[in-house]
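Undergrad: 1 is the number of the first residue of the sequence shown in full-length UniProt numbering; add one for each residue after it.
Attaching a single structure in structure tokens format; questions to follow.
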Amino acid sequence: MKFAQFVLVFCGVLLVTGLPCAVADTPLLLGIHPYKTPSRLLAAFTPLADYLSKGLGRRVEIRISPDYQSHIQAIGEDRLDIAYLGPASYIALTEKYGEKPLLAKQVIHGKATFRGAIIARSDSTIRSLAELKGKRFAFGDPESTMSSLLPRYMLLQAGIRLEDLAAYRFLGSHNNVALGVLSGDFDAGGVKEAVYKKYRAKGLKLVTYTPEIAEHLFVASKRMDRSRVKRIGNLLLALDKSANGRKIMEAIKPGMTAMVRVKDSDYQTLRDILRTLKRADGDSG
1 MKFAQFVLVF CGVLLVTGLP CAVADTPLLL GIHPYKTPSR LLAAFTPLAD
51 YLSKGLGRRV EIRISPDYQS HIQAIGEDRL DIAYLGPASY IALTEKYGEK
101 PLLAKQVIHG KATFRGAIIA RSDSTIRSLA ELKGKRFAFG DPESTMSSLL
151 PRYMLLQAGI RLEDLAAYRF LGSHNNVALG VLSGDFDAGG VKEAVYKKYR
201 AKGLKLVTYT PEIAEHLFVA SKRMDRSRVK RIGNLLLALD KSANGRKIME
251 AIKPGMTAMV RVKDSDYQTL RDILRTLKRA DGDSG
């Protein structure tokens, strides 16, 4: 990583953890959760920061949080002016800090929602969720929406609690889940749709899809004046109108085709699912 990039990331970590970091002026801060390495996130979001800087006439700097909880806290405490986050993090944010001004949500390959898949080996006799009782199930990261939370919810809807499985493990990633099922170590598992499609030809089949969940989104600080919130939202909504804007979206996520308006109610499906899981965990405690 270049020295300037290192300083930027280091200062960003200091800022979102509440420590001082000297700056020459007062730029707007664009916060990103650490779902990739800092160098990859800087490469992905610097074109957007430059675009917003030009459109707003004010410098926009990237701040990468050290972890997801720090990211949620920094947004909740209005220490970030603009923030990018996933649907589960957004729900956690609103549960603890209340609603934030919503800017836009992303559209991938023409869809503003995404889903996961419950998978099994192609040669398996498993055809439905009900048949997973007494089987071995692979989850990804415990906090992953598509490889843990939604699969747990779907099993629960089929009358299967974790203790009804012969075995289960959290393997840390979607790819590990797919490989664990392919190897025969697990009878089934939960992954995002893209990973299922990636490994389908290698010997995976679909048991069922998860519910559709609203895509990742951008929010603003409550301290930001309404005119600037509207201006930022309009800049994001205009990204698909120019070749440069489309390049900016592609840098953030391959296949991103637009930014569209977003409402809090877009995330009600996932909010209800998480509340169901919380109640179930309380009942089994």
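Idealized CB from N, CA, C, for every residue including glycine.
1) At a cut of 8 Å, does the segment 250–270 reach the segment 71–80 through at least three beta carbon pairs?
2) Per DSSP, which one or two residues make a beta bridge with L217?
3) Assuming V60 and L80 make a contact with CB atoms under 8 Å, what is their CB distance in whole Å?
4) Do I119 and G180 have their C-beta atoms closer together than 8 Å?
5) Going by DSSP, what residues sit across from K205 in a beta bridge?
6) From Y97 to M224, what does the alpha carbon distance come to, in whole angstroms?
7) If I'm right that A178 touches K135 with Cβ under 8 Å, what's the distance once you round it to whole angstroms?
8) Is Y90 helix, strand or coil by DSSP?
9) Pick from D185, K192, A158 and K105: whose alpha carbon is nearest that of F218?
10) Round the Cβ separation of A280 and L156 to the nearest angstrom and send it over; I've been treating them as touching at under 8 Å.
11) Just checking my contact of L102 with D240 at CB under 8 Å: how many whole Å lie between their CB atoms?
12) By DSSP's criteria, E61 is part of a beta bridge. Which residues make up the other side?
13) Where in the segment 157–212 do unbroken runs of the alpha helix (DSSP H), each at least 4 residues long, occur, reported from the N-terminal end onward?
14) Helix, strand or coil: how does DSSP classify F6 here?
15) Measure the Cβ-Cβ separation of E215 and G116 and say whether it is below 8 Å.
16) Please work out which residues of its chain come closer than 7 Å, Cβ to Cβ, to A238, disregarding the five sequence neighbours upstream and downstream, and give them in chain order.
17) Look at the alpha carbon of L274 and the alpha carbon of T94, and state the distance between them as a whole number of angstroms.
18) Can you give me the C-alpha to C-alpha distance between P211 and G110, rounded to a whole angstrom?
19) Hey, would you say the C-beta of R136 is under 7 Å away from at least one heavy atom of the ligand FAD?
20) Can you pull the DSSP bridge partners for V260?
21) Tell me which same chain residues have a C-beta within less than 6 Å of the C-beta of Y51, skipping the five on either side of it?
22) Is the beta carbon of Y90 less than 8 Å from the beta carbon of Y267?
23) Leaving aside the five residues before and after P34 along the sequence, list all residues of the same chain whose C-beta is less than 8 Å from its C-beta, in chain order.
24) Since A138 is in the beta strand (DSSP E), which residue starts that stretch and which ends it?
25) Decide if D187 is buried, meaning its Cβ has at least 16 other Cβ atoms within 10 Å, or exposed.
26) Taking only the alpha-carbon atoms, compute the straight-line gap between A22 and A258 and give it to the nearest angstrom.
27) Shortest alpha-carbon distance to L171 belongs to which of I32, F137 and Y196?
28) Indicate the three-state DSSP secondary structure (helix, strand or coil) for K96 in the structure shown.
29) How far does the alpha helix (DSSP H) with R226 in it reach, from first residue to last?
30) By DSSP's criteria, F114 is part of a beta bridge. Which residues make up the other side?
31) If distances are taken between C-alpha atoms only, which option among L132, G55, L85 and P47 comes closest to Y168?
TA: Looking at the coordinates:
1) No, the segment 250–270 is not in contact with the segment 71–80.
2) Taking the first residue of the sequence shown as 1, we reach residue 217 at position 217. Per DSSP, L85 and K105.
3) Locating residue 60 in the sequence shown gives position 60, counting from the first residue. Locating residue 80 in the sequence shown gives position 80, counting from the first residue. With 8 Å as the limit, V60 and L80 do not qualify as a contact, their Cβ atoms being about 11 Å apart.
4) Start at 1 with the first residue of the sequence shown, and residue 119 comes out as number 119. Start at 1 with the first residue of the sequence shown, and residue 180 comes out as number 180. No, the Cβ-Cβ distance between I119 and G180 is not below 8 Å.
5) Here residue 205 is taken as the residue at index 205 of the sequence shown, counted from 1. Answer is A120.
6) Indexing the sequence shown from 1 puts residue 97 at position 97. Indexing the sequence shown from 1 puts residue 224 at position 224. Straight-line Cα distance between these residues: approximately 16 Å.
7) By one-based count along the sequence shown, residue 178 stands at place 178. By one-based count along the sequence shown, residue 135 stands at place 135. At roughly 16 Å, the Cβ-Cβ gap does not stay under 8 Å, so A178 and K135 are not in contact.
8) Within the sequence shown, numbered from 1, the residue matching residue 90 stands at position 90. DSSP, reduced to helix, strand and coil, places Y90 within a helical segment of the structure shown.
9) Within the sequence shown, numbered from 1, the residue matching residue 218 stands at position 218. Minimum Cα distance to F218 is reached at K105.
10) Looking up residue 280 in the sequence shown gives position 280. Looking up residue 156 in the sequence shown gives position 156. Between L156 and A280 the Cβ distance is about 6 Å, and since that is below 8 Å, they are a contact.
11) For the purposes of this step, residue 102 is taken as the residue at position 102 of the sequence shown. For the purposes of this step, residue 240 is taken as the residue at position 240 of the sequence shown. About 18 Å separates the two Cβ atoms, so there is no contact after all.
12) Along the sequence shown, read from residue 1 onward, the residue named residue 61 stands at position 61. Bridge partners of E61: L29.
13) With a minimum length of 4 residues, the continuous alpha helix (DSSP H) runs that stay inside the segment 157–212 are 174–182 and 193–199.
14) For the purposes of this step, residue 6 is taken as residue 6 along the sequence shown, with counting starting at 1. Note that F6 has pLDDT 43, beneath the 50 cutoff, so the model's placement of it is unreliable and the number below is only indicative. In the three-state scheme derived from DSSP, where H, G and I count as helix and E and B as strand, F6 is classed as helix.
15) Your numbering for residue 215 matches position 215 in the sequence shown. Your numbering for residue 116 matches position 116 in the sequence shown. In this structure, G116 does not lie closer than 8 Å to E215 by Cβ.
16) In the sequence shown, counting from the first residue as 1, residue 238 sits at position 238. Within the same chain, A238 has close Cβ partners G245.
17) Residue mapping note: residue 274 aligns to position 274 of the sequence shown, counting from 1. Residue mapping note: residue 94 aligns to position 94 of the sequence shown, counting from 1. When rounded, the separation of the alpha-carbon atoms in L274 and T94 is 13 Å.
18) Walking along the sequence shown from the start, residue 211 turns up at place 211. Walking along the sequence shown from the start, residue 110 turns up at place 110. The straight-line gap from Cα to Cα measures roughly 17 Å.
19) The ligand FAD is not among the ligands present in this structure, which contains no ligands whatsoever.
20) The sequence position of residue 260 within the sequence shown is 260, counting from 1. For V260, which the question treats as bridged, DSSP gives the partners K105.
21) Counting from one through the sequence shown, the residue named residue 51 turns up at place 51. The answer, listed in chain order, is I248.
22) Position 90 of the sequence shown, counted from the first residue, corresponds to residue 90. Position 267 of the sequence shown, counted from the first residue, corresponds to residue 267. Taking 8 Å as the Cβ cut-off, Y90 and Y267 qualify as a contacting pair.
23) Sequence index remark: in the sequence shown, residue 34 carries index 34 (1-based). L41, I64, S65, P66, D67, Y68 and H71, listed in sequence order.
24) Your numbering for residue 138 matches position 138 in the sequence shown. A138: member of the beta strand (DSSP E) spanning R136 to F139, first to last residue.
25) Here residue 187 corresponds to residue number 187 of the sequence shown, with the count starting at 1. The residue in question, D187, is buried, as its Cβ has 16 or more Cβ neighbours within 10 Å.
26) Looking up residue 22 in the sequence shown gives position 22. Looking up residue 258 in the sequence shown gives position 258. Any answer about A22 is weak, because its pLDDT of 40 lies below 50 and its placement is not dependable; what the coordinates show is given next. One C-alpha to the other measures close to 35 Å.
27) As a first step, residue 171 must be located in the sequence shown, where it is residue number 171. Closest in C-alpha terms to L171, from the list I32, F137 and Y196, comes F137.
28) Taking the sequence shown and counting its residues from 1, the one referred to as residue 96 is at position 96. Of the three classes helix, strand and coil, the one that applies to K96 here is helix, per DSSP.
29) Indexing the sequence shown from 1 puts residue 226 at position 226. For R226, the uninterrupted alpha helix (DSSP H) segment begins and ends at R226 to L237.
30) Start at 1 with the first residue of the sequence shown, and residue 114 comes out as number 114. I213, per the DSSP bridge assignment.
31) Taking the first residue of the sequence shown as position 1, residue 168 is located at position 168. Among L132, G55, L85 and P47, the Cα nearest to that of Y168 is on L132.
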